Every structure is written in structure tokens, then in C-alpha cells.
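> Anchor point for the sequence shown: position 83 equals 83 in my numbering, and the numbering is continuous, going up by one each time. Okay, handing you the structure first.
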Amino acid sequence: MNKQLRQQVDEVISHYGTDREALVEILRDLNQDAGFLTREQLDLIAQRLDLPQSDVFSVASFYSMISVEPLGQHVIRLCEDAPCHAAGGREVWETLEKEIGVPFGATTPDGKWSLLTTSCIGACAVGPVMMIDDEIYGNLTPEKVREILAQYEGEDEGDDEDNGGAE
Ligand code: FES
């Protein structure tokens with residue numbers, strides 16, 4: 001594991017502590033940075049919390065907001081907190097699953113999309129809200145979701161254009 005990742009794990013653990021009860025928060029926090037956790041990170045967490053590696057791995061695998069696999073080329077994160085949900089998040093959720101073709105928590109077989117949820121990203125006033133990579137999209141409706149996704153169609157045919165996404 002590179003030094004930066006190790007340092008990151010240690011910083012998060014020093015914030016939450018080494019009790020077993022802190023495990024989910026630690027995993028969740030670290031997962032938010034890269035979108036997934038590496039096997040090395042999980043092993044280090046197990047070591048620091050003095051837990052069996054298998055326990056840490058099964059907890060990480062259990063929660064849909066934590067990924068133990070690399071993500072797709074583009075990562076969609078739909079806010080699942082109550083204000084966004086109340087503003088029509090359920091319809092947006094269903095549209096995304098239908099249009100992307102995989103359930104939340106999964107990556108498309110071609111590796112183009114990962115569909116994830118997130119907690120509040122502070123844009124509740126324009127909910128429902130999703131992020132695609134680093135780009136925030138608000139006031140979502142099923143129609144608007146389809147329009148946004150259409151912007152990403154065909155991008156593999158030309159050069160690999162960056163749509164404001166994270167790296
Ligand atoms: S509740 Fe969705 S952005 Fe705040």
C-alpha cells in the first residue's frame with residue numbers, strides 16, 4: 001500500500017477510534033474518498049482494530065454504500081437522504097436503475113458506470129440530487145436523468161473526453 005493510503009487509513013482510525021463499533025464509520029469514511037476500498041486497506045483496518053480480516057471484509061461487503069471493487073469509468077451517486085427522497089428521489093432511483101441497467105451498488109459489465117448512493121451532499125434545496133463523478137446535478141426528474149445520461153452516450157466512439165469527472 002502506498003504511504004498516502006496508509007496515512008489516510010490511520011487518520012480516519014484516529015478520528016473514530018479502534019473499537020469494533022467504529023468499523024462501519026471507518027469503512028464508510030474511507031470508501032467515500034476513492035469510491036471503493038482495496039484489499040490492502042481492509043487488511044490494515046483489520047490489523048489496527050485487531051479484528052479478523054474476514055470480519056472486516058464481510059462487513060465491507062454487506063453495506064451497499066461500501067465497495068470492495070474498483071468502480072466504473074463514471075460513478076453515479078444518488079443522494080438517498082430524506083429531503084431528496086421526499087422531493088422525488090424514488091422515481092429518479094428507478095429511472096437510473098432502468099437506464100443504466102444495473103441495481104444500485106453495481107457496476108455495468110462494460111465497466112462504464114457504477115451506480116451508488118450517497119448521503120446528503122449539501123444540495124438539498126435542489127433535490128433530488130446526484131453526482132456523476134465530480135459533477136452535481138439537481139432538480140432531477142426521470143426526464144432530466146435521461147437527458148443527462150444522453151450526454152455521456154457515444155463518448156467511447158471519439159476520444160476519451162472528460163465530462164468533468166473525477167480521476
Ligand atoms: S438530502 Fe440530498 S443533498 Fe441533502
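The beta carbon of each residue, even a glycine, is placed where N, CA and C say it ideally should be. Predicted, not measured: the structure shown is a model, and the values here were computed from it.
If I follow the unbroken alpha helix (DSSP H) through R20, where does it start and stop?
Along the sequence shown, read from residue 1 onward, the residue named residue 20 stands at position 20. Run containing R20: none; DSSP gives neither H nor E here.
> In the DSSP output, what is R77 paired with across the bridge?
For the purposes of this step, residue 77 is taken as residue 77 along the sequence shown, with counting starting at 1. According to DSSP, R77 bridges with L116, M131.
> I76: buried (16+ other C-beta within 10 angstroms of its C-beta) or exposed?
In the sequence shown, counting from the first residue as 1, residue 76 sits at position 76. With 16 or more other Cβ atoms within 10 Å, it is buried.
> Label S14 either buried or exposed according to how many other C-beta atoms from any shown protein chain fall within 10 Å of its C-beta, with 16 as the threshold for buried.
Working through the sequence shown from its first residue, we reach residue 14 at position 14. Exposed, because fewer than 16 other Cβ atoms sit within 10 Å of the Cβ of S14.
> On the DSSP bridge assignment, give the partners of T95 in chain order.
One-based indexing of the sequence shown puts residue 95 at position 95. None; T95 has no bridge partner.
> Please state whether the Cβ-Cβ distance between V68 and V24 is less than 8 Å.
In the sequence shown, the residue the question calls residue 68 occupies position 68. In the sequence shown, the residue the question calls residue 24 occupies position 24. No, Cβ-Cβ distance for V68 and V24 is not below 8 Å.
> Among D33, L49, G122, which has the Cα closest to the Cα of M65?
If you number the sequence shown from 1, residue 65 lands on position 65. Selected option, being the one with the closest Cα: D33.
> Could you please give the first and the last residue of the uninterrupted alpha helix (DSSP H) stretch that includes P52?
Here residue 52 refers to the residue found at position 52 of the sequence shown. Per DSSP, P52 belongs to no alpha helix (DSSP H) and is neither H nor E.
> Report whether the distance from the Cβ of I121 to the nearest heavy atom of the ligand FES is below 7 Å.
Taking the sequence shown and counting its residues from 1, the one referred to as residue 121 is at position 121. Within the cutoff, so yes.
> According to DSSP, simplified to helix, strand and coil, what is Y152?
To locate residue 152, count along the sequence shown from 1; it is residue 152. Y152 falls in the coil class under three-state DSSP.
> Out of I45, E91, T107, E80, state which residue places its alpha-carbon closest to the alpha-carbon of G72.
Reading the sequence shown from its first residue, position 72 is the one you call residue 72. Out of I45, E91, T107, E80, T107 has the C-alpha closest to the C-alpha of G72.
> In or out: A82 buried (at least 16 other Cβ within 10 Å) or exposed?
Position 82 of the sequence shown holds residue 82. A82 is exposed by the Cβ-count criterion.
> Under the three-state reduction of DSSP, which class applies to I66: helix, strand or coil?
Start at 1 with the first residue of the sequence shown, and residue 66 comes out as number 66. Here I66 sits in coil by DSSP.
> Take G127 as the anchor and find which of E91, L44, D55 has the nearest alpha-carbon.
Start at 1 with the first residue of the sequence shown, and residue 127 comes out as number 127. Cα-wise, what sits closest to G127 is E91.
> Candidates E21, A22, L30: which alpha carbon is nearest R6's?
Locating residue 6 in the sequence shown gives position 6, where the first residue counts as 1. For the residues E21, A22, L30, the minimum Cα distance to R6 belongs to L30.
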